[in-house]
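Here is the structure we will look at, set down as C-alpha coordinates.
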(Lines of atoms letter the chains of each structure in order from A and count residues from 1; the text may use other names and numbers.)
(Lines give C-alpha, C1' and ligand atoms only; values in the text may rest on other atoms or scores of the structure.)
Protein backbone atom coordinates (compact mmCIF):
# COMPACT_ATOMS: atom_id res chain seq x y z
CA UNK A 1 0.00 0.00 0.00
CA UNK A 2 2.79 2.39 0.89
CA UNK A 3 4.52 1.57 -2.35
CA UNK A 4 1.36 2.39 -4.30
CA UNK A 5 0.97 5.71 -2.47
CA UNK A 6 4.61 6.59 -3.11
CA UNK A 7 4.27 5.70 -6.78
CA UNK A 8 1.15 7.86 -7.12
CA UNK A 9 2.86 10.78 -5.38
CA UNK A 10 5.88 10.44 -7.71
CA UNK A 11 3.54 10.39 -10.71
CA UNK A 12 1.83 13.61 -9.58
CA UNK A 13 5.18 15.28 -8.95
CA UNK A 14 6.49 14.32 -12.39
CA UNK A 15 3.29 15.51 -14.08
CA UNK A 16 3.36 18.95 -12.50
CA UNK A 17 7.09 19.42 -12.91
CA UNK A 18 6.41 18.95 -16.64
CA UNK A 19 3.52 21.43 -16.59
CA UNK A 20 5.59 23.98 -14.65
CA UNK A 21 8.43 23.59 -17.12
CA UNK A 22 7.69 23.26 -20.81
CA UNK A 23 3.92 23.62 -20.49
CA UNK A 24 3.61 26.58 -18.13
CA UNK A 25 2.52 29.09 -20.79
CA UNK A 26 -0.18 26.89 -22.39
CA UNK A 27 -1.36 25.87 -18.90
CA UNK A 28 -1.65 29.48 -17.77
CA UNK A 29 -3.37 30.50 -21.00
CA UNK A 30 -6.00 27.80 -20.45
CA UNK A 31 -6.53 28.50 -16.74
CA UNK A 32 -6.92 32.22 -17.39
CA UNK A 33 -8.82 31.84 -20.67
CA UNK A 34 -6.27 34.25 -22.08
CA UNK A 35 -6.07 32.99 -25.68
CA UNK A 36 -8.50 31.52 -28.18
CA UNK A 37 -6.79 28.15 -27.78
CA UNK A 38 -7.11 28.34 -23.99
CA UNK A 39 -10.78 29.27 -24.27
CA UNK A 40 -11.32 26.40 -26.71
CA UNK A 41 -9.75 23.95 -24.23
CA UNK A 42 -12.00 25.28 -21.46
CA UNK A 43 -15.06 24.85 -23.65
CA UNK A 44 -14.21 21.43 -25.08
CA UNK A 45 -12.51 19.54 -22.25
CA UNK A 46 -13.99 21.25 -19.20
CA UNK A 47 -17.33 22.20 -20.78
CA UNK A 48 -16.93 25.81 -19.62
CA UNK A 49 -18.17 28.29 -22.21
CA UNK A 50 -17.43 31.98 -21.43
CA UNK A 51 -20.41 32.61 -19.15
CA UNK A 52 -19.78 29.40 -17.18
CA UNK A 53 -16.06 30.15 -16.98
CA UNK A 54 -16.74 33.51 -15.33
CA UNK A 55 -18.94 31.80 -12.74
CA UNK A 56 -16.24 29.14 -12.25
CA UNK A 57 -13.66 31.87 -11.60
CA UNK A 58 -15.96 33.68 -9.18
CA UNK A 59 -16.69 30.61 -7.03
CA UNK A 60 -12.99 30.05 -6.44
CA UNK A 61 -12.82 33.12 -4.23
CA UNK A 62 -16.34 33.17 -2.77
CA UNK A 63 -15.02 32.22 0.67
CA UNK A 64 -12.43 35.00 0.89
CA UNK A 65 -13.32 38.10 2.91
CA UNK A 66 -13.31 41.33 0.92
CA UNK A 67 -10.55 42.90 3.01
CA UNK A 68 -8.60 39.95 4.41
CA UNK A 69 -5.63 40.90 6.61
CA UNK A 70 -4.84 37.68 8.49
CA UNK A 71 -2.58 34.71 7.76
CA UNK A 72 -3.47 32.83 4.57
CA UNK A 73 -2.09 29.58 3.19
CA UNK A 74 -2.71 28.65 -0.44
CA UNK A 75 -2.04 25.00 -1.22
CA UNK A 76 -1.23 24.03 -3.87
CA UNK A 77 -0.51 27.38 -5.51
CA UNK A 78 0.50 25.97 -8.91
CA UNK A 79 1.72 28.81 -11.11
CA UNK A 80 -0.47 31.30 -9.26
CA UNK A 81 -2.06 32.44 -12.50
CA UNK A 82 -5.50 32.85 -10.91
CA UNK A 83 -4.78 33.59 -7.25
CA UNK A 84 -1.78 35.93 -7.29
CA UNK A 85 -3.53 38.79 -9.12
CA UNK A 86 -6.33 38.43 -6.56
CA UNK A 87 -3.88 38.99 -3.70
CA UNK A 88 -3.24 42.57 -4.77
CA UNK A 89 -6.45 43.31 -2.84
CA UNK A 90 -4.84 42.00 0.39
CA UNK A 91 -1.75 44.18 0.97
CA UNK A 92 -1.93 43.72 4.75
CA UNK A 93 -2.32 39.93 4.69
CA UNK A 94 0.49 37.50 5.53
CA UNK A 95 0.35 35.01 2.64
CA UNK A 96 2.15 31.69 2.27
CA UNK A 97 2.01 29.70 -0.97
CA UNK A 98 3.02 26.03 -1.03
CA UNK A 99 3.38 23.58 -3.90
CA UNK A 100 4.86 20.14 -4.46
CA UNK A 101 6.49 21.15 -7.77
CA UNK A 102 9.60 23.32 -7.81
CA UNK A 103 8.89 24.28 -11.42
CA UNK A 104 5.36 25.45 -10.65
CA UNK A 105 6.67 27.44 -7.67
CA UNK A 106 9.33 29.06 -9.83
CA UNK A 107 6.68 30.36 -12.23
CA UNK A 108 4.56 31.59 -9.31
CA UNK A 109 7.48 33.43 -7.72
CA UNK A 110 8.25 35.19 -10.99
CA UNK A 111 4.59 36.17 -11.33
CA UNK A 112 4.49 37.56 -7.77
CA UNK A 113 7.58 39.64 -8.47
CA UNK A 114 6.08 40.97 -11.70
CA UNK A 115 2.91 41.93 -9.81
CA UNK A 116 4.92 43.70 -7.11
CA UNK A 117 3.60 41.46 -4.32
CA UNK A 118 5.81 41.81 -1.25
CA UNK A 119 3.75 39.99 1.39
CA UNK A 120 4.04 36.43 0.03
CA UNK A 121 6.39 33.58 0.96
CA UNK A 122 6.82 30.50 -1.24
CA UNK A 123 7.61 27.03 0.09
CA UNK A 124 8.04 23.67 -1.62
CA UNK A 125 6.22 20.94 0.29
CA UNK A 126 3.54 18.30 0.48
CA UNK A 127 -0.06 19.15 1.37
CA UNK A 128 -0.28 15.81 3.19
CA UNK A 129 2.68 16.80 5.41
CA UNK A 130 2.42 20.56 5.90
CA UNK A 131 5.61 22.09 7.35
CA UNK A 132 3.71 24.44 9.69
CA UNK A 133 2.84 24.41 13.36
CA UNK A 134 -0.66 23.72 14.65
CA UNK A 135 -3.14 26.60 14.44
CA UNK A 136 -0.96 28.81 12.24
CA UNK A 137 -3.40 30.15 9.63
CA UNK A 138 -6.67 32.05 9.65
CA UNK A 139 -7.61 30.81 6.19
CA UNK A 140 -6.52 28.02 3.84
CA UNK A 141 -7.32 28.36 0.13
CA UNK A 142 -7.13 25.43 -2.30
CA UNK A 143 -7.93 26.15 -5.95
CA UNK A 144 -8.33 23.10 -8.17
CA UNK A 145 -5.75 21.15 -6.20
CA UNK A 146 -7.37 18.55 -3.95
CA UNK A 147 -8.34 16.33 -6.88
CA UNK A 148 -4.64 15.89 -7.66
CA UNK A 149 -3.64 14.80 -4.15
CA UNK A 150 -3.02 11.04 -3.71
CA UNK A 151 -3.78 11.02 0.05
CA UNK A 152 -6.79 13.28 0.39
CA UNK A 153 -7.54 12.23 3.97
CA UNK A 154 -4.05 13.20 5.13
CA UNK A 155 -4.36 16.51 3.26
CA UNK A 156 -7.65 17.39 4.96
CA UNK A 157 -6.29 16.41 8.38
CA UNK A 158 -3.22 18.59 7.82
CA UNK A 159 -5.27 21.56 6.63
CA UNK A 160 -7.47 21.27 9.70
CA UNK A 161 -4.42 21.00 11.97
CA UNK A 162 -2.80 24.11 10.46
CA UNK A 163 -5.97 26.22 10.78
CA UNK A 164 -6.73 28.25 13.87
CA UNK A 165 -10.02 27.48 15.65
CA UNK A 166 -12.74 29.26 13.70
CA UNK A 167 -10.48 29.42 10.65
CA UNK A 168 -11.83 29.04 7.11
CA UNK A 169 -11.06 26.39 4.50
CA UNK A 170 -12.26 27.42 1.05
CA UNK A 171 -11.64 26.92 -2.65
CA UNK A 172 -12.82 24.67 -5.44
CA UNK A 173 -12.31 21.10 -6.66
CA UNK A 174 -13.32 18.77 -9.49
CA UNK A 175 -16.37 16.60 -8.74
CA UNK A 176 -17.57 13.61 -10.73
CA UNK A 177 -21.08 13.06 -11.96
CA UNK A 178 -21.89 16.57 -13.21
CA UNK A 179 -20.66 16.33 -16.79
CA UNK A 180 -20.18 13.02 -18.58
CA UNK A 181 -17.70 14.36 -21.13
CA UNK A 182 -15.50 15.97 -18.48
CA UNK A 183 -15.63 12.79 -16.39
CA UNK A 184 -14.47 10.79 -19.42
CA UNK A 185 -11.64 13.28 -20.06
CA UNK A 186 -10.53 13.06 -16.42
CA UNK A 187 -10.60 9.26 -16.44
CA UNK A 188 -8.86 8.74 -19.77
CA UNK A 189 -6.30 11.55 -19.74
CA UNK A 190 -5.92 13.49 -16.48
CA UNK A 191 -5.75 10.42 -14.24
CA UNK A 192 -3.45 8.55 -16.63
CA UNK A 193 -1.07 11.51 -16.85
CA UNK A 194 -0.99 12.06 -13.07
CA UNK A 195 -2.77 15.44 -13.08
CA UNK A 196 -5.74 14.05 -11.12
CA UNK A 197 -5.74 11.19 -8.61
CA UNK A 198 -8.85 9.15 -7.70
CA UNK A 199 -11.00 8.67 -5.72
CA UNK A 200 -13.12 11.70 -6.59
CA UNK A 201 -16.15 13.00 -4.73
CA UNK A 202 -19.48 13.84 -6.30
CA UNK A 203 -21.44 16.86 -5.04
CA UNK A 204 -23.21 15.02 -2.23
CA UNK A 205 -20.18 13.05 -1.04
CA UNK A 206 -18.00 16.18 -1.04
CA UNK A 207 -20.37 17.76 1.49
CA UNK A 208 -20.15 14.66 3.69
CA UNK A 209 -16.40 14.35 3.19
CA UNK A 210 -15.64 17.92 4.23
CA UNK A 211 -18.16 17.59 7.07
CA UNK A 212 -16.00 14.90 8.69
CA UNK A 213 -13.28 17.50 9.29
CA UNK A 214 -15.03 20.89 9.27
CA UNK A 215 -18.30 22.55 10.20
CA UNK A 216 -20.75 24.79 8.33
CA UNK A 217 -19.96 23.31 4.93
CA UNK A 218 -21.37 25.39 2.06
CA UNK A 219 -21.12 24.19 -1.54
CA UNK A 220 -21.77 25.62 -4.99
CA UNK A 221 -20.95 24.16 -8.36
CA UNK A 222 -20.31 25.26 -11.91
CA UNK A 223 -20.22 22.30 -14.26
CA UNK A 224 -17.80 19.70 -12.92
CA UNK A 225 -16.25 22.01 -10.31
CA UNK A 226 -17.55 22.62 -6.80
CA UNK A 227 -16.80 25.67 -4.71
CA UNK A 228 -16.65 25.07 -0.95
CA UNK A 229 -16.39 27.06 2.25
CA UNK A 230 -16.23 25.56 5.74
CA UNK A 231 -14.82 26.25 9.20
CA UNK A 232 -12.64 24.58 11.78
CA UNK A 233 -14.65 24.22 14.98
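In our numbering, the protein residues as written are 46 to 278.
Using N, Cα and C, we set each Cβ at its ideal position, and we do this for glycine too.
These numbers were taken from a predicted model, which means no experiment stands behind them.
In the three-state reduction of the DSSP assignment, residue 144 falls in the strand class.
Counting of Cβ neighbours within 10 angstroms places residue 174 among the exposed residues, the total staying below 16.
Taking C-alpha positions only, residue 270 is separated from residue 178 by approximately 30 Å. The continuous alpha helix (DSSP H) containing residue 74 extends over residues 69 to 77. Per the Cβ contact rule, the region 221 to 239 is not in contact with the region 199 to 210 (fewer than 3 Cβ pairs under 8 Å).
Beta-carbon to beta-carbon, residue 218 and residue 186 are separated by about 12 Å, too far to satisfy the 8 Å threshold. Taking C-alpha positions only, residue 243 is separated from residue 74 by approximately 26 Å. Collapsing the DSSP output to three states places residue 219 in a strand. For the pair residue 241 and residue 193, the CB atoms are nearer than the 9 Å cut-off. Taking all protein chains in view, the Cβ of residue 137 is surrounded by fewer than 16 other Cβ atoms within 10 Å, so the residue is classified as exposed.
Contact between the region 161 to 170 and the region 129 to 149 is present, with at least three C-beta pairs closer than 8 Å.
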